[in-house]
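Q: Here full-length UniProt numbering is used: position 307 in the sequence shown is 307, and no number is missing along the way. Heads up, the beta-carbon is just placed ideally off N, CA and C, and yes, glycines get one too.
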Amino acid sequence: MSTRRLNSGYSGYLGGSSAEDEQLHVRSDTFYGRLGSTARDKAHDVIPTRRVSFSQLSSLRKICVRLSFDEDAYPGGIDIDIFALLFDSSCSFVDCIFYKHPEDAGGSFSLNQKTNSLAIDLEAVPDTCHSIILAAAVYTTGMSITELESGVIEICEGFMGPALFSISLQNLETNTKDAADTAGLVFFGLSEFSGKWRCRSLERFCKAELPSLMKVAKEETQQIEADFALGDLKNLRTLDFVARTNEHPSLILRSTSGKSSGDEKKHFSIDPEKLEKLHSRISSLKNSGESAAGSKLESRLSAVEDEQRRMSRQLTQIEHKLDMLLEGLKG
Numbered sequence: 001m002s003t004r005r006l007n008s009g010y011s012g013y014l015g016g017s018s019a020e021d022e023q024l025h026v027r028s029d030t031f032y033g034r035l036g037s038t039a040r041d042k043a044h045d046v047i048p049t050r051r052v053s054f055s056q057l058s059s060l061r062k063i064c065v066r067l068s069f070d071e072d073a074y075p076g077g078i079d080i081d082i083f084a085l086l087f088d089s090s091c092s093f094v095d096c097i098f099y100k101h102p103e104d105a106g107g108s109f110s111l112n113q114k115t116n117s118l119a120i121d122l123e124a125v126p127d128t129c130h131s132i133i134l135a136a137a138v139y140t141t142g143m144s145i146t147e148l149e150s151g152v153i154e155i156c157e158g159f160m161g162p163a164l165f166s167i168s169l170q171n172l173e174t175n176t177k178d179a180a181d182t183a184g185l186v187f188f189g190l191s192e193f194s195g196k197w198r199c200r201s202l203e204r205f206c207k208a209e210l211p212s213l214m215k216v217a218k219e220e221t222q223q224i225e226a227d228f229a230l231g232d233l234k235n236l237r238t239l240d241f242v243a244r245t246n247e248h249p250s251l252i253l254r255s256t257s258g259k260s261s262g263d264e265k266k267h268f269s270i271d272p273e274k275l276e277k278l279h280s281r282i283s284s285l286k287n288s289g290e291s292a293a294g295s296k297l298e299s300r301l302s303a304v305e306d307e308q309r310r311m312s313r314q315l316t317q318i319e320h321k322l323d324m325l326l327e328g329l330k331g
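#1: Quick test of your reading: L134 and F83, contact by CB under 8 Å. State the CB separation rounded to the nearest angstrom.
#2: State yes or no: is the C-beta of D121 within less than 8 Å of the C-beta of R61?
#3: Could you check which residue in E209, T238 and R200 has the C-alpha nearest to that of Q223?
#4: What beta strand (DSSP E) runs, 3 residues minimum, are completely inside the segment 86 to 166?
#5: Provide the residue(s) that pair with T238 in DSSP beta bridges, ordered along the chain.
#6: Grab me the residues of R309's own chain with a C-beta within less than 6 Å of its C-beta, minus the 5 sequence neighbours each way, in chain order.
#7: Go ahead and pull the three-state DSSP assignment for K62.
#8: Assign D81 to one of three DSSP states: helix, strand, or coil.
#9: Kindly indicate which residue of C156, A179, F193 and T146 has the alpha-carbon position closest to the one of Q170.
#10: Below 8 Å, can you find three or more Cβ-Cβ pairs linking the segment 176 to 184 to the segment 160 to 167?
#11: Between R237, E225 and L322, which has its C-alpha nearest H130's C-alpha?
#12: Tell me which residue opens and which closes the beta strand (DSSP E) that F187 is part of.
#13: Among R300, Y139, T221 and A119, which one has its Cα closest to the Cα of R198?
#14: Straight-line CA distance for E70 to S283?
#15: When DSSP builds the beta bridges, which residues end up paired with L301?
#16: Quick check: the Cα distance between R237 and F193, rounded to an integer number of angstroms?
#17: Would you call the CB atoms of L213 and V186 closer than 8 Å?
#18: For V125, tell me which candidate among T115, Y99 and V94 has the shortest Cα-Cα distance.
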């Protein structure tokens with residue numbers, strides 16, 4: 001009994017796919033179609049119920065991810081891919097967009113392999129998708145993604161708008177000499193909170209394998225959820241905020257790609273492993289009769305978390321005031 005192709009990133013690995021499943025449908029002559037969409041145009045007219053108010057909360061509704069490099073440096077061609085790994089609000093895997101599954105059922109994701117670009121319609125993302133983790137990989141044997149000649153990843157406003165984020169691949173630092181361990185790169189995360197998409201630069205290396213990419217992507221999704229729960233929003237900006245500050249360079253507060261995500265996390269967020277060890281130490285102190293010292297340490301930790309939440313609330317207020325200021329400048 002043959003297995004039909006599913007609307008999942010795993011579908012490319014399932015047997016029994018018919019030849020007609022692999023055929024490329026005629027692309028529609030629309031902006032989405034020229035980017036590589038095979039979905040019918042009417043699919044983009046349907047807005048899920050959860051996102052009815054999205055257009056009122058966010059002005060940035062579409063983004064495009066582009067991976068470019070010096071193609072003349074590889075006359076024999078090179079095998080690369082872009083991924084969008086989707087997770088729900090409980091950080092469970094939902095779907096994966098990649099070369100064997102270039103579109104989701106509703107057409108909110110559209111991967112064009114010829115131009116190495118991924119178009120995302122944030123207004124039409126499925127209700128089940130809470131987080132989007134973006135990644136890239138080079139499959140050419142013995143090659144690291146950082147070795148791509150003039151390799152650049154850009155996340156752009158709209159489908160052909162200015163770049164919101166830019167990552168120069170050759171400027172990234174690796175901690176291993178094994179190219180296989182740096183052939184894959186998880187580079188960006190998006191999560192929706194209260195109707196607004198918040199983003200974070202990640203820049204984590206792994207093998208160019210779907211299981212490895214999924215593992216890193218899930219870890220980053222869990223970290224984003226943990227930081228938001230703690231109120232740590234310093235390195236978790238809204239896309240609208242990034243887009244507007246990008247229009248007015250003098251007001252830019254976002255981090256640059258020159259600083260690694262690891263450095264940013266050490267500076268801005270609480271390390272969950274250290275936090276767990278600290279709680280373990282507190283319990284140990286209590287059990288050994290040093291309850292007074294443990295209680296004092298726990299009280300200090302609670303005070304630090306309270307201060308972090310207070311600062312995050314102030315940061316949110318500042319973002320709101322900047323939004324109002326930028327709206328006034330536009331007017």
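A: Reading off the structure:
#1: On the sequence shown, position 134 is the one that residue 134 refers to. On the sequence shown, position 83 is the one that residue 83 refers to. L134 to F83, Cβ: 7 Å. Contact.
#2: On the sequence shown, position 121 is the one that residue 121 refers to. On the sequence shown, position 61 is the one that residue 61 refers to. Taking 8 Å as the Cβ cut-off, D121 and R61 qualify as a contacting pair.
#3: Residue numbering aside, residue 223 sits at position 223 when the sequence shown is read from its first letter. Here the closest residue by C-alpha is R200.
#4: The segment 86 to 166 contains these whole beta strand (DSSP E) runs: 93 to 97, 109 to 112, 117 to 121, 131 to 138 and 152 to 157.
#5: Residue mapping note: residue 238 aligns to position 238 of the sequence shown, counting from 1. R198, per the DSSP bridge assignment.
#6: Position 309 of the sequence shown holds residue 309. Counting only Cβ-Cβ distances below 6 Å, and skipping sequence neighbours, we find G231.
#7: Within the sequence shown, numbered from 1, the residue matching residue 62 stands at position 62. Three-state result, K62: strand.
#8: As a working note, residue 81 is residue 81 in the sequence shown. In the structure shown, D81 sits in a strand (DSSP, three-state: E or B).
#9: Translated into the one-based positions of the sequence shown, residue 170 becomes position 170. Cα-wise, what sits closest to Q170 is T146.
#10: no
#11: Start at 1 with the first residue of the sequence shown, and residue 130 comes out as number 130. H130 has its Cα closest to that of E225, out of R237, E225 and L322.
#12: Counted from its first residue, the sequence shown places residue 187 at position 187. Bounds of the beta strand (DSSP E) holding F187 are G184 to F193.
#13: In the sequence shown, counting from the first residue as 1, residue 198 sits at position 198. Relative to R198, the option among R300, Y139, T221 and A119 whose CA is nearest is T221.
#14: Counted from its first residue, the sequence shown places residue 70 at position 70. Counted from its first residue, the sequence shown places residue 283 at position 283. Looking at the sequence provided, one finds Asp at residue 70 rather than Glu. Distance between the alpha carbons of D70 and S283: 56 Å.
#15: The count along the sequence shown starts at 1 and reaches residue 301 at position 301. For L301, which the question treats as bridged, DSSP gives no partner whatsoever.
#16: Working through the sequence shown from its first residue, we reach residue 237 at position 237. Working through the sequence shown from its first residue, we reach residue 193 at position 193. The alpha-carbon atoms of R237 and F193 are separated by roughly 11 Å.
#17: Counting from one through the sequence shown, the residue named residue 213 turns up at place 213. Counting from one through the sequence shown, the residue named residue 186 turns up at place 186. Yes, the pair counts as a contact, with Cβ atoms nearer than the cut-off.
#18: Locating residue 125 in the sequence shown gives position 125, where the first residue counts as 1. Checked all of T115, Y99 and V94; the closest Cα to V125 is V94.
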